[in-house]
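Below: the structure, in structure tokens.
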Amino acid sequence: MHGEDDRRLGAASSNWRPSASAFSGSGLTLIRMLTYDAQITVGAPQPLPDEVALDGVDEFQSTCVATTSAWPHKPAVIDFHASEGRSWRLSLSADGARSARLPGPGTMPATAAGQDPDAAAAFFSVRGTASELVFILYDRIPIDSLKLDGDRRVLEQLSAWDPDE
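Letter by letter, the sequence shown follows residues 786 to 950 in our numbering.
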């Protein structure tokens, strides 16, 4: 995933910026990212409104990292937990990358739908506000500013992965 259609997880790639083609949803996330960039320029960055940020995480999960190209590494899972109460799971396997919203707190399944229990061995999770999650997904803040758990290599592998190769 390189060039104009580069959709790597921005949190692990300091040179990555999504192109307009990476935003196949309403375009609201693109506008918000450009607004945030302008706010940084004038020294007054603001978090995204909660609902906009939650929608932004949903949009990223369903458009920027979903693919049927085989994951070339050990099956892995990355969970994203927003302090506003929503969570998402990105499952990476020979079937590609699939994202699903997880049930509410305290009811999270051990594995994502269609994933065998042993596949969850390589696991990584990120916790923060929905706004912070959007900002790490689009490489606006360093991922180390959030609560991280698990095997960080999974995130590094995701950043380096080009499913088109």
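Quick reminder that beta carbons are idealized off the backbone N, C-alpha and C, glycines included.
| Check | Outcome |
| --- | --- |
| Report the three-state DSSP secondary structure of T820 (helix, strand or coil). | helix |
| Helix, strand or coil for R874 per DSSP? | strand |
| Could you pull the start and end residues of the alpha helix (DSSP H) that R938 belongs to? | R938 to A945 |
| Short of 6 Å in beta carbon distance, which residues of its chain neighbour A910, apart from the five on each side in sequence? Order them along the chain. | Reading the sequence as shown, one finds Ser at residue 910 and not Ala. Cβ within range, chain order: D864, D934 and G935. |
| For D949, decide whether its Cβ has a neighbour in chain B, counting only Cβ atoms nearer than 8 Å. | Judged by its chain identifiers, the structure shown contains no chain B, having just a single protein chain. |
| Pick helix, strand or coil for D949, following the three-state DSSP scheme. | coil |
| Consult DSSP for I926 and reduce its assignment to one of helix, strand or coil. | coil |
| When you compare the CB positions of R871 and R883, do they come within less than 8 Å of one another, or not? | no |
| Who are the near neighbours of L839 in its chain, counting only those whose CB is closer than 7 Å to its CB and skipping five residues on each side? | A867, E869, R871 and A915 |
| How about P860 and S878: are their beta carbons less than 8 Å apart? | yes |
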